[in-house]
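Visitor: Mind having a look at this structure? Questions to follow.
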Amino acid sequence: MPDGSAPQQDARSLADLRNIGKAALADFAVLGIQTVEQLAEQEPDALYLTLCQKTRQRHDPCVYDVFAAAIHQARTGEARNWWSFTPDRKTRQQNGTFPVYESVAPER
């Protein structure tokens, strides 16, 4: 399909989701997300910002796209490529509605 979507698929584990590999599984572990059901209850903005805060570093915005795609699949069963979420994210970055991580300098 042109938009990178696929027929609805039943993902039993996080690793069954399209776009989810070792790096995303490690991010989910940092975030305390262990099941597809837990993921379906999340919002990509909050997950991305929480990951940045917990690791104390700004992550590539494409991580947000992966989160958005995974949450979409967890909620709907529709598997879409992560980059199909990129245009909306880029629009939000341009208009200032995308979450921005501001690192806090450690106290001396």
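All the letters of the sequence shown, read from the start, carry residue numbers 1 to 108 under the UniProt record's numbering.
Every residue gets a Cβ at the ideal spot worked out from N, C-alpha and C, and that includes glycine.
Fair warning: this is a prediction, and the values are worked out from it, not measured in the lab.
Hey, would you say Gln57 sits closer than 9 Å to Tyr101, going by beta carbons?
Guide: Translated into the one-based positions of the sequence shown, residue 57 becomes position 57. Translated into the one-based positions of the sequence shown, residue 101 becomes position 101. A contact, by the Cβ cut-off of 9 Å.
Visitor: Whole-angstrom Cβ separation of Asp65 and Trp82, contact assumed at under 8 Å?
Guide: To locate residue 65, count along the sequence shown from 1; it is residue 65. To locate residue 82, count along the sequence shown from 1; it is residue 82. At roughly 4 Å, the Cβ-Cβ gap stays under 8 Å, so Asp65 and Trp82 are in contact.
Visitor: I believe Leu88 touches Leu51 by the beta-carbon criterion, under 8 Å. Please report the beta-carbon distance rounded to the nearest angstrom.
Guide: Looking up residue 88 in the sequence shown gives position 88. Looking up residue 51 in the sequence shown gives position 51. For the sequence presented, residue 88 should be read as Asp rather than Leu. Not a contact, Cβ separation roughly 19 Å.
Visitor: Determine the burial state of Gln8: buried for a count of at least 16 other Cβ atoms within 10 Å of its Cβ, exposed for fewer.
Guide: Indexing the sequence shown from 1 puts residue 8 at position 8. At Gln8, the pLDDT of 46 sits below 50, so the modelled position is not reliable and the matter cannot be decided from this model.
Visitor: With the cut-off set at 9 Å, would you say Ala69 and Val36 are in Cβ contact?
Guide: Translated into the one-based positions of the sequence shown, residue 69 becomes position 69. Translated into the one-based positions of the sequence shown, residue 36 becomes position 36. No, the Cβ-Cβ distance between Ala69 and Val36 is not below 9 Å.
Visitor: Work out the CA separation of Arg18 and Arg80 for me, nearest whole Å.
Guide: Start at 1 with the first residue of the sequence shown, and residue 80 comes out as number 80. Start at 1 with the first residue of the sequence shown, and residue 18 comes out as number 18. If I take the Cα positions, the gap works out to 7 Å.
Visitor: Using only the alpha-carbon positions, how far apart do Lys22 and Leu31 sit?
Guide: Position 22 of the sequence shown holds residue 22. Position 31 of the sequence shown holds residue 31. If you take the alpha carbons of Lys22 and Leu31, they lie about 14 Å apart.
Visitor: Nearest CA to the CA of Ile20: which residue from His72, Lys90 and Gln93?
Guide: Residue 20 sits at position 20 when you count from the first residue of the sequence shown. Comparing Cα-Cα distances from Ile20 to each of His72, Lys90 and Gln93, the minimum goes to His72.
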